[in-house]
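For reference, the structure is listed below as structure tokens.
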Amino acid sequence: DHDGPDAAVIDGLDARRARSLERADLLAVQAAAVRLRRRADVALAVVAAEIARRSETVAGGGFARHAGFGSPEQLVSGQTGVGPAEARRLVEVGKVMAHAESGEAEAFPVLAAAVREGRLSTEYAAMIQRTLAAIPRDDTELEARMVARAPGMSRRNVGKWCRWLRDKHDPAGVEERERAQRDQRYF
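Following this line, the structure appears as structure tokens:
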């Protein structure tokens with residue numbers, strides 16, 4: 050069982066037990082829970098991407114529709130209880146990992162490896178993937194730098210950094226993105 054040690058650390062955890070833990074032990078339990086969550090998120094992302102692939106390629110409305118859902122993201126959301134944004138992230142990150150495994154040109158292998166190894170959350174991975182996809186050139190060095198730096202940052206700062214990098218590497222797209230944001234605001 051791959052999750053043995055981490056699962057054992059959090060098994061039976063309740064508020065009373067958490068209150069009794071010393072600082073270092075509490076942080077160790079949190080780290081174990083994060084590792085388990087990231088492992089589960091990898092599995093959810095892989096399955097979500099496969100649901101999306103089958104929904105796009107199966108005749109007659111696809112996999113999700115046959116399961117009673119309007120889209121792969123709705124199926125993922127309905128089955129997992131996550132919101133639509135998280136379901137989209139799981140599909141996106143799962144696709145990143147699938148592309149990397151198959152060696153496709155649009156793959157982000159460093160990003161996929163970081164998610165698979167539990168070094169990066171699916172939320173950060175989705176932000177990085179969208180940033181790299183918006184940059185009109187293949188930049189493995191930038192990908193590696195983003196993957197290395199993001200885990201030590203807050204979500205807000207990762208988002209700001211991603212926007213700054215996208216604007217820096219794609220200055221021609223800044224005006225179009227600003228126009229699209231204005232249009233969405235008044236829609």
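Per our numbering, the sequence shown starts with residue 50, numbered consecutively.
Don't be surprised by glycine CBs; every beta carbon is placed ideally from N, CA and C.
Straight-line measurement puts the Cα of Val145 at about 9 angstroms from the Cα of Ala175. Taking a cut-off of 8 angstroms on C-beta distances, the region 154-165 does not touch the region 117-134, as fewer than three cross pairs fall below it. Nearest C-alpha to Leu85 among Ser126, Ala97, Asp60 and Asp74: Asp60.
With contacts defined by Cβ atoms closer than 8 angstroms, Leu75 and Ala81 do not form a contacting pair. Residues Gly111 of the same chain have their beta carbon placed closer than 7 angstroms to that of Glu105, with the five preceding and five following residues left out of the count. Rounded to the nearest angstrom, the gap between the Cα atoms of Arg65 and Val58 is 15 angstroms.
Judged by their CB atoms, Val125 and Val140 are nearer to each other than the 8 angstroms cut-off. The three-state reading of DSSP puts Ser203 in coil, since its state is none of H, G, I, E or B. Runs of the alpha helix (DSSP H) spanning 4 or more residues and lying entirely within the region 55-105 occur at 64-69, in chain order. When the Cα atoms are used, Ala147 and Ala162 turn out to be separated by approximately 11 angstroms. Taken through DSSP and simplified to helix, strand or coil, Ile184 comes out as coil. In this structure, Ala197 and Val207 do not form a Cβ contact; the two beta carbons are roughly 12 angstroms apart against a cut-off of 8 angstroms. Across the set Arg138, Gly167 and Lys217, the C-alpha of Arg138 shows the shortest separation from the C-alpha of Arg179.
Around the Cβ of Val142, a 10 Å sphere holds 16 or more other Cβ atoms; the residue is buried. Between Asp219 and Ile177, the CB-CB gap reaches or exceeds 8 angstroms. Taking the Cβ atoms as the reference, Val83 lies roughly 16 angstroms from Leu70, outside the contact range of under 8 angstroms. It is roughly 46 angstroms from the alpha-carbon of Ala56 to the alpha-carbon of Glu227. Your pair Thr171 and Ala94 checks out as a contact, with CB atoms roughly 6 angstroms apart and the cut at 8 angstroms.
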